[in-house]
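Student: Last residue of the sequence shown? That's 954 in the numbering used here, and every number before it is there in order.
Heads up, the beta-carbon is just placed ideally off N, CA and C, and yes, glycines get one too.
Dumping the structure here so I can ask a few things about it.
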Amino acid sequence: MRPLLPLLVVPLLLAAKATAAQPAPADTNLRVFLPPALEWNKRTLTARRGTQQGTADLAQINAGLTFGMTPEQVAAALPGTPPELNWYNLRSARDYPIEVRYFWLRLDDLPAWRSQIKGCAGQSSYVAFLFTIRGLFRISFRLLPDAACPSLTTAALDLFAPYVTLAPDIALSTRYRSGPAEVVDITDPAAAALIPIRWQMDPT
């Protein structure tokens with residue numbers, strides 16, 4: 751009886767040669783999020799993130815904004831906001847268990863974020879800035895499709911990508927759909943009670 755191993759080697763070699771001769775086409779739409787480097791201790795028993803990202807990193811991505819800022823401070827950092835904007839004249843967000851107020855601006859009027867999107871983003875898309883009495887706790891991108899931009903998945907991924915590797919004690923980021931809208935929420939983790947509550951698009 752002939753050994754089984756030699757019988758298996760030849761077919762495996764031929765299969766490997768055929769696979770090498772026909773490389774799979776590159777997927778240009780594939781997005782790879784690299785985790786930060788790890789720093790190991792001398793005995794290589796424990797490790798920590800080699801790149802620490804903090805409040806300054808979040809501010810760099812978010813046009814200078816950080817969680818906890820007042821409505822006046824946020825308005826001063828953004829173009830096109832009225833100077834008299836404050837907590838008392840903000841709209842109430844009724845879909846939260848505590849008092850939350852907000853204002854919004856068109857995404858096209860916010861170059862710090864619009865420049866991150868390579869393609870279309872929908873002319874009606876906007877960014878909502880949500881506050882508790884303690885300050886800014888969420889930045890919510892609401893991407894709405896239109897005839898010129900029926901699909902917003904790529905735009906949502908472009909916005910979502912910079913936040914993926916932020917440390918969990920700095921920002922909790924989520925991406926989801928609500929009806930036809932693509933939504934990207936960047937939330938202060940200190941607002942733990944509000945994290946699970948997602949915006950629902952009003953059909954009316």
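(1) Report all residues from its chain with a CB closer than 7 Å to the CB of leucine 886; omit the five preceding and five following residues, and keep chain order.
(2) Consult DSSP for alanine 806 and reduce its assignment to one of helix, strand or coil.
(3) Within the same chain, show all residues whose beta-carbon is closer than 6 Å to that of alanine 905, passing over the 5 residues directly before and after it, in chain order.
(4) For valine 850 and glutamate 822, I'd like the C-alpha separation in whole angstroms.
(5) Give the C-beta separation of alanine 843 and tyrosine 852 to the nearest angstrom, bearing in mind that I take them to be a contact with Cβ-Cβ under 8 Å.
(6) For the candidate residues Leu840, Ser865 and Gln873, whose alpha-carbon lies nearest to that of isoleucine 956?
(7) I'd like the span of the beta strand (DSSP E) that includes aspartate 938, first residue to last.
(8) When every heavy atom of the ligand GDP is checked, does at least one fall within less than 8 Å of the C-beta of alanine 940?
Tutor: Reading it off the structure:
(1) Leaving aside the five residues that flank leucine 886 on each side, the residues in its chain whose CB is nearer than 7 Å to its CB run, in chain order, Leu815, Phe817, Gly818, Met819, Val824 and Phe879.
(2) It is helical.
(3) For alanine 905, the CB contacts under 6 Å within the same chain, skipping 5 residues up- and downstream, are Ile867, Ala871 and Leu893 in chain order.
(4) Those two C-alpha atoms are separated by around 16 Å.
(5) Yes, they are in contact, since the Cβ atoms of alanine 843 and tyrosine 852 sit about 5 Å apart, within 8 Å.
(6) In the structure displayed, the chain extends from 751 to 954; residue 956 sits before or after that span and is not available.
(7) Where aspartate 938 is concerned, there is no enclosing beta strand (DSSP E), given that its DSSP letter is neither H nor E.
(8) This structure does not include the ligand GDP; it has no bound ligands of any sort.
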